[in-house]
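> One structure, pasted below without further comment.
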Amino acid sequence: MGRPIRLRRSILSVPGNREKMINKARTLPADVIMLDLEDSVPVDQKNRARELIIESLQAARWDGYVVSIRINPMDSPFAYKDLQIVEHCAHILDTIVIPKVNHPCEVKAIDYFLTQIEMNSGVQRGRIGIEASIETAEGMLRVENIAFSSNRLEALVFGVADYATSISAMVKGVSGHGDSEEFYPGHRWHFPLSRMVMAAKAAGLAAIDAPYGNFKDVEGLKRSSQLSAAIGCDGKWAIHPDQIPIINEVYTPSQEDVDRSRKIVDTYELAKAEGKGTVAIDGRMIDSATLRIARNILEKWRAIERKSHMHE
Ligand code: COA
Ligand code: MG
Numbered sequence: 007m008g009r010p011i012r013l014r015r016s017i018l019s020v021p022g023n024r025e026k027m028i029n030k031a032r033t034l035p036a037d038v039i040m041l042d043l044e045d046s047v048p049v050d051q052k053n054r055a056r057e058l059i060i061e062s063l064q065a066a067r068w069d070g071y072v073v074s075i076r077i078n079p080m081d082s083p084f085a086y087k088d089l090q091i092v093e094h095c096a097h098i099l100d101t102i103v104i105p106k107v108n109h110p111c112e113v114k115a116i117d118y119f120l121t122q123i124e125m126n127s128g129v130q131r132g133r134i135g136i137e138a139s140i141e142t143a144e145g146m147l148r149v150e151n152i153a154f155s156s157n158r159l160e161a162l163v164f165g166v167a168d169y170a171t172s173i174s175a176m177v178k179g180v181s182g183h184g185d186s187e188e189f190y191p192g193h194r195w196h197f198p199l200s201r202m203v204m205a206a207k208a209a210g211l212a213a214i215d216a217p218y219g220n221f222k223d224v225e226g227l228k229r230s231s232q233l234s235a236a237i238g239c240d241g242k243w244a245i246h247p248d249q250i251p252i253i254n255e256v257y258t259p260s261q262e263d264v265d266r267s268r269k270i271v272d273t274y275e276l277a278k279a280e281g282k283g284t285v286a287i288d289g290r291m292i293d294s295a296t297l298r299i300a301r302n303i304l305e306k307w308r309a310i311e312r313k314s315h316m317h318e
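Counted the way our numbering counts, the sequence shown spans residues 7 to 318.
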């Protein structure tokens, strides 16, 4: 079964043990709500978070959101217990985020468990997708193999804070994001992020940028979102409600881009009917590569329109 294409401009991470935040999440304009069991939940609260996530997913309506949970890593003592909760919400959950993926076999193992859970819960086989978070040197080294490791995969996610730790990078900005030009000119994470994007896109997956830790710094968040959008990311994690509209705006095509894309698609169709493979619009060359970009923009735009109707 082909995986659904989902709108993933903003992904709000919500600590799974914070009931108030989970309730608030459902009122916010994020495309994806990710209930976390990993790093935002203290060890002695993991059980409480599992119970709360089951309760919240069963009790409330989550229409209009992509809903996911982040489990603990496969080399922790918590991951198998996290997966058990999926049985209770298999019909609501859209994806599982696996953190700190080092090797494709971790994704494959979760894939097998999900198949068993789906068979026991009576939901369609293959319903639940997987997102692999790449946030270690080992994971980045194997990112190509990870990207092709399961038909359930929908996205690769960059985890900048853990990645910075895993390569012993000197950390200046909060979460290693938002460095000043004096410290590092340009985009410090360009290489690993681009590498992850390349692997994701080769495998037909979405590529998601890490959160921006300094949630009071609007300009820094904008800049960080623009940089990742420019190198092929489809969206970015948010850790605070105020970050969502900023990320959504950067990752939404402008009206000008949408109008130009419509013009490109229409003009190219006419040109093709006349046997031409290239055509000029407003002094710029249009070929089939430009056409693919235009079609992607229009597809994203339609998904955004569908979403805004759902929330009206
Ligand atoms: N999801 C849902 N609601 C959130 C939220 C989140 N991630 N972060 C904050 N809120 C809510 C608060 O509960 C508060 O709600 P209220 O106005 O109804 O009382 C409101 O948004 C404003 O929050 P604010 O007071 O500005 O922030 P804070 O000091 O309570 O929390 C953080 C700041 C960073 C601790 C908090 O945003 C957080 O825990 N974020 C998630 C971190 C995370 O998931 N980390 C793991 C992934 S990297
Ligand atoms: Mg992490």
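Every residue gets a Cβ at the ideal spot worked out from N, C-alpha and C, and that includes glycine.
Mind checking residue 120: buried by the 16 CB within 10 Å criterion, or exposed?
One-based indexing of the sequence shown puts residue 120 at position 114. Counting Cβ neighbours within 10 Å, residue 120 comes out buried, since at least 16 surround it.
> Taking 7 Å as the cut-off, is the CB of residue 164 close to at least one heavy atom of the ligand COA?
For this step, residue 164 is matched to residue 158 along the sequence shown. No, the Cβ of residue 164 stays beyond 7 Å of every heavy atom of the ligand COA.
> Distance, Cα to Cα, residue 127 vs residue 96?
Taking the first residue of the sequence shown as 1, we reach residue 127 at position 121. Taking the first residue of the sequence shown as 1, we reach residue 96 at position 90. Near 7 Å, if we compare the C-alpha coordinates of residue 96 and residue 127.
> Given that a residue counts as buried once 16 or more other Cβ atoms are within 10 Å of its Cβ, and exposed if not, what is residue 214?
For the purposes of this step, residue 214 is taken as the residue at position 208 of the sequence shown. So residue 214 counts as buried.
> Using 7 Å as the cut-off, classify the Cβ of residue 276 as near or not near the heavy atoms of the ligand COA, replying yes or no.
Here residue 276 refers to the residue found at position 270 when the sequence shown is read from its first residue. Flag unset: Cβ of residue 276 not near the ligand COA.
> Please state whether the Cβ-Cβ distance between residue 204 and residue 169 is less than 8 Å.
Position 198 of the sequence shown holds residue 204. Position 163 of the sequence shown holds residue 169. No.
> Roughly how many angstroms lie between the CA atoms of residue 262 and residue 255, to the nearest whole one?
Taking the first residue of the sequence shown as 1, we reach residue 262 at position 256. Taking the first residue of the sequence shown as 1, we reach residue 255 at position 249. When rounded, the distance between both Cα atoms is 14 Å.
> Quick one: residues in its chain with C-beta nearer than 8 Å to the C-beta of residue 47, no 5 flanking neighbours on either side, listed in chain order?
Position 41 of the sequence shown holds residue 47. So the list reads 21, 22, 23, 55, once near-sequence residues are dropped.
> Hey, quick one: how far does the alpha helix (DSSP H) through residue 101 stretch, first residue to last?
Taking the first residue of the sequence shown as position 1, residue 101 is located at position 95. That residue, residue 101, is in no alpha helix (DSSP H); its beta strand (DSSP E) goes 101-104.
> Hey, quick one: how far does the beta strand (DSSP E) through residue 215 stretch, first residue to last?
Mapped onto the sequence shown, residue 215 falls at position 209. Its beta strand (DSSP E) spans residues 212-215.
> Could I get the ranges of all uninterrupted beta strand (DSSP E) runs contained in the stretch 167-205, with 3 residues as the minimum, in chain order?
none
> Below 7 Å, is the gap between the Cβ of residue 88 and the nearest heavy atom of the ligand COA?
To locate residue 88, count along the sequence shown from 1; it is residue 82. Because no heavy atom of the ligand COA lies under 7 Å away, the Cβ of residue 88 does not count as near it: no.
> Can you tell me which residues form a DSSP beta bridge with residue 241?
As a working mapping, residue 241 is identified with position 235 in the sequence shown. DSSP, once it has assigned bridges, lists 214 as partnering residue 241.
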